[in-house]
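Worksheet: one structure, shown below.
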Amino acid sequence: MDLSFKCPKCGQELEVDDSGAGEEIECPACNQTIRIPGTPPGAGEAPPATGWASLSAPVIASSAAAKVKMHLSVPVHDGPSDNLIAKPLSPLDVTAKETDRQLRVKCIRHVDCVEVGHDRFDETVTKFLGKIGEQHLVSITTISFSHIDVASQKLLNDYGVMIVYRG
Ligand SMILES: [Zn+2]
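Residue numbers for the sequence shown, in this note's numbering: 1 to 167.
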């Protein structure tokens with residue numbers, strides 16, 4: 001059985017199969033979405049269009065509520081994850097104290113360790129390493145350079161070490 005009605009938007013007379021009653025279609029004349037009037041198929045004893053519409057309303061409402069519930073569940077998960085973030089803070093505090101020690105550089109030149117003919121370079125470096133402690137030693141690099149000997153006024157090649165440490 002065919003169902004004829006007029007498009008509420010443009011007034012165009014339309015004819016559809018009554019199995020499409022209550023469905024939303026696009027009007028072929030004005031391309032606007034319109035609802036086919038009438039009762040849905042198999043709803044003989046069921047209430048008319050208005051009653052059917054109110055029956056469908058709770059379905060939409062409950063699915064909308066489900067969506068809202070899903071969004072609300074996100075902050076609930078935020079609670080424990082905040083604690084997870086907070087926990088590593090205590091070990092970080094410990095490392096923060098350790099890094100309070102600044103990275104420093106100490107250059108020890110061989111020429112500066114020669115006192116009245118006595119070469120105290122090894123002794124000086126050993127003493128310095130003992131002072132900073134092995135755990136704070138970052139690296140030792142040998143250096144070579146030239147300098148003018150005050151006594152002989154000659155250019156001399158010399159060596160030394162550059163010590164990188166935390167202190
Ligand atoms: Zn229309």
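Cβ atoms here follow ideal geometry from the backbone N, Cα and C, with glycine treated the same way.
> Just to check, is the beta-carbon of K6 closer than 6 Å to a non-hydrogen atom of ligand 1?
Replying inline: no
>> Whole angstroms are fine: how far does the CA of D158 sit from the CA of G117?
In response: 15 Å
> For K154, which three-state DSSP category applies?
Replying inline: coil
> Quick one, are the C-beta atoms of F121 and H110 less than 7 Å apart?
Replying inline: yes
>> Starting from E13, trace the beta strand (DSSP E) in both directions and tell me its first and last residue.
In response: 13-17
>> Helix, strand or coil for G160? Go by DSSP, reduced to three states.
In response: strand
> Under a three-way DSSP split, which group does C10 fall into?
Replying inline: coil
> Would you say R166 and H136 are within 7 Å of each other, going by their C-beta atoms?
Replying inline: yes
> Expressed to the nearest angstrom, what Euclidean distance is found between the alpha-carbon atoms of D253 and K9?
Replying inline: Missing from the structure shown is residue 253; the chain here goes from 1 to 167 and no further.
>> Report the CB separation of I36 from L3 in whole angstroms; it is logged as a contact under 8 Å.
In response: 7 Å
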